[in-house]
Amino acid sequence: MSSLRRITVLLFVAAAGCRKANADLGMSDSAFVQVMGELKFVADAPNVTNDVRAQRRDAVLRKRGVSADQLEKLSSTLTSHPQHAKRLWSAIDMKAFTMSQKKLK
Numbered sequence: 055m056s057s058l059r060r061i062t063v064l065l066f067v068a069a070a071g072c073r074k075a076n077a078d079l080g081m082s083d084s085a086f087v088q089v090m091g092e093l094k095f096v097a098d099a100p101n102v103t104n105d106v107r108a109q110r111r112d113a114v115l116r117k118r119g120v121s122a123d124q125l126e127k128l129s130s131t132l133t134s135h136p137q138h139a140k141r142l143w144s145a146i147d148m149k150a151f152t153m154s155q156k157k158l159k
């Protein structure tokens with residue numbers, strides 16, 4: 055399973071949980087949303103080969119100065135904070151959607 059898919063699964067599991075409060079991700083929510091939104095945009099891009107998708111994913115990670123492992127760890131932290139995860143996922147989804155709309159223009 056790709057790292058982005060694992061992170062997505064972790065976010066959904068977190069959103070389905072029952073505890074409250076914000077997780078300390080070790081990075082700002084906005085930075086997390088930015089990188090995850092960009093990764094979701096890359097993952098959702100139509101008509102892109104796996105090689106190109108991997109190159110774009112790696113470029114996003116380099117640009118943001120994070121690794122897939124770091125994002126996985128941050129995402130797993132969210133499993134204990136479902137409301138926080140839900141808010142972040144909504145923002146990530148909106149970021150990816152906004153990026154896709156800008157690309158259409």
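Using our numbering, the first residue of the sequence shown is number 55, and each one after it goes up by one.
Every residue gets a Cβ at the ideal spot worked out from N, C-alpha and C, and that includes glycine.
Every value quoted in this text rests on a predicted model; they were computed, and no experiment measured them.
| query | result |
| --- | --- |
| Residues in its own chain within less than 7 Å of residue 95 by CB, not counting five upstream and five downstream? | 150, 153, 154 |
| Excluding the five sequence neighbours on either side, which residues of its own chain have a C-beta within less than 8 Å of the C-beta of residue 89, listed in chain order? | 114, 115, 118, 120, 125 |
| State the Cα-Cα distance for the pair residue 105 and residue 145, rounded to the nearest angstrom. | 27 Å |
| Name the two residues that bound the continuous alpha helix (DSSP H) containing residue 150. | 136 to 158 |
| Measuring only the C-alpha atoms, how far is residue 92 from residue 109? | 13 Å |
| Just tell me which of 98, 112, 100, 128 has its CA closest to the CA of residue 85. | 128 |
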